[in-house]
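Input: a single structure, listed below in structure tokens.
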Amino acid sequence: MILAFSSHLGIFLMINILSLLFIAYGVRRIFFSKNFEDDIDKKVLAFFLVGIMLFALGIFADTLVLLGMNSYLGNYQSTLILKTLAPVFFTFGAISLQRHK
Amino acid sequence: MNEIWLNGIAVIIFIIGLFFYKLNLRKIHYGKVVLICLGLVLIPLSSFINSYLPYFIQLILFAGFSQFAHEYFRGGLFRRRKELHEIYTSKRKEHKYAKEFLYPHLKELEKRRYELIKETDKLSSLKDELKEQARQIKEERKELEDAKKEVKNVHFEVLSEKEDKE
Numbered sequence: 064m065i066l067a068f069s070s071h072l073g074i075f076l077m078i079n080i081l082s083l084l085f086i087a088y089g090v091r092r093i094f095f096s097k098n099f100e101d102d103i104d105k106k107v108l109a110f111f112l113v114g115i116m117l118f119a120l121g122i123f124a125d126t127l128v129l130l131g132m133n134s135y136l137g138n139y140q141s142t143l144i145l146k147t148l149a150p151v152f153f154t155f156g157a158i159s160l161q162r163h164k
Numbered sequence: 130m131n132e133i134w135l136n137g138i139a140v141i142i143f144i145i146g147l148f149f150y151k152l153n154l155r156k157i158h159y160g161k162v163v164l165i166c167l168g169l170v171l172i173p174l175s176s177f178i179n180s181y182l183p184y185f186i187q188l189i190l191f192a193g194f195s196q197f198a199h200e201y202f203r204g205g206l207f208r209r210r211k212e213l214h215e216i217y218t219s220k221r222k223e224h225k226y227a228k229e230f231l232y233p234h235l236k237e238l239e240k241r242r243y244e245l246i247k248e249t250d251k252l253s254s255l256k257d258e259l260k261e262q263a264r265q266i267k268e269e270r271k272e273l274e275d276a277k278k279e280v281k282n283v284h285f286e287v288l289s290e291k292e293d294k295e
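Protein chains in written order, with this note's numbering: chain A, 64 to 164; chain B, 130 to 295.
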């Protein structure tokens, strides 16, 4: 992975850090606006926020992999699993949106 | 091999999520946020095409996510301004964060409100002036009509006197 991106490592690290910053900004806004919604919307948004946080964790693990700091969290498989687990929570959110119409 | 399985599962989950999202009949204000979250599945999926592509898609999608979250927040601010103002004016400790967060926006809104009040005052004063002018013009017109009538009367009198003499 590192060998493949060695020439553009800086760009990918920057993209990951920028993505994490975007997530932090968006999550902060949603987390605040969530308090003024109904109970159903609160539940739906909570699912989506959990999914986003899992994705952020996946990006963090990817950053660790890019930096060569392989560990239990920071390895290629864990990034894949985290990035696949996130849509599961998004789907739970979408289902709960449908259920309480 | 694991990659293919995981991405396949993610796509199936995404399709199920999209299906349930489309079935939704409730009016929600965070539809764009939900859609962009469901679209995040494109990131691991795009690694099949090119190993550089996921990073760029990731950046674009998260930029969109933050933008839509910001729009949702601003929309909520205007929708529930009354509630927010109540929180802002309350003295509870748990509302401290809300106060800090909302202060600039509420300040802007209050400023705009005072500007609008001033403008309405100006307009109402203009309206009064115009009403006064209209009243004056009506009076002048009435006077002119009266004068015209008097002239006509005098004219007819003179004519009748002439006829009598003849």
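Note that beta-carbon positions come from the ideal geometry of N, C-alpha and C, so glycine has one too. Model, not experiment: these values are computed from the prediction.
Mind checking which residues open and close the alpha helix (DSSP H) that includes residue i?
i        : result
ASN179/B : No alpha helix (DSSP H) holds ASN179/B; DSSP gives it neither H nor E.
LEU164/B : 160 to 167
PHE123/A : 102 to 129
ILE74/A  : 72 to 96
ILE172/B : 171 to 174
Please report how far the alpha carbon of residue i lies from the alpha carbon of residue j, in whole angstroms.
i        : j        : result
HIS199/B : GLU100/A : 16 Å
TYR243/B : PRO233/B : 16 Å
GLN265/B : THR249/B : 24 Å
ASN136/B : LEU117/A : 16 Å
LEU66/A  : LEU108/A : Because LEU66/A carries a pLDDT of 49, less than 50, the predicted location of this residue cannot be relied on, and no value is offered for it.
ILE158/A : LYS256/B : 57 Å
ILE74/A  : TRP134/B : 29 Å
VAL140/B : LEU174/B : 8 Å
GLN262/B : GLU239/B : 35 Å
LYS281/B : VAL287/B : 10 Å
Of the residues the options, which one's Cα is nearest the Cα of residue i?
i        : options                                   : result
ALA192/B : SER82/A, PHE95/A and HIS71/A              : SER82/A
THR142/A : ILE172/B, ILE144/B and LYS260/B           : ILE172/B
PHE149/B : LEU164/B, ILE178/B and GLY137/B           : LEU164/B
LEU190/B : PHE95/A, LEU72/A, ILE78/A and SER70/A     : ILE78/A
ASP206/B : PHE230/B, ARG221/B, SER219/B and PRO183/B : Reading off the sequence shown, one finds Leu at residue 206/B, where the question assumed Asp. The candidate whose alpha carbon is nearest that of LEU206/B is PHE230/B.
Round the Cβ separation of residue i and residue j to the nearest angstrom and send it over; I've been treating them as touching at under 8 Å.
i        : j        : result
VAL170/B : PHE202/B : So it is not a contact: roughly 25 Å between Cβ atoms.
LEU145/A : GLY137/A : About 11 Å; that fails the 8 Å criterion.
ILE145/B : THR154/A : 5 Å
VAL162/B : PHE185/B : Not really, about 21 Å apart at Cβ, beyond 8 Å.
LEU120/A : LEU76/A  : Not quite, the Cβ-Cβ distance comes to about 17 Å (not below 8 Å), so this is no contact.
GLY89/A  : PHE194/B : 5 Å
Say the cut is 7 Å; is the CB of residue i nearer than that to a heavy atom of the ligand MG?
i       : result
ARG91/A : Ligands are entirely absent from the displayed structure, and the ligand MG is therefore not among its contents.
Give, in chain order, every residue of the segment 126 to 149 of chain A whose Cβ lies closer than 8 Å to some Cβ of chain B. Correct list: GLN140, LEU143, ILE144, LYS146, THR147 and ALA149.
Could you please tell me which residues of the segment 176 to 208 of chain B, in chain order, have their CB closer than 7 Å to any CB of chain A? So the list reads SER180, TYR184, GLN187, LEU188, PHE191, ALA192, PHE194, SER195, ALA198, HIS199, TYR201, PHE202 and GLY205, given in the order they occur along the chain.
Short-range partners of chain B found in the segment 75 to 90 of chain A, where Cβ spacing is below 7 Å: Cβ contacts with chain B come from PHE75, ILE78, LEU81, SER82, PHE85, ILE86, TYR88 and GLY89.
Quick one: which residues of the segment 228 to 241 of chain B get their C-beta closer than 7 Å to a C-beta of chain A? List them in chain order. Listed by position along the chain: PHE230.
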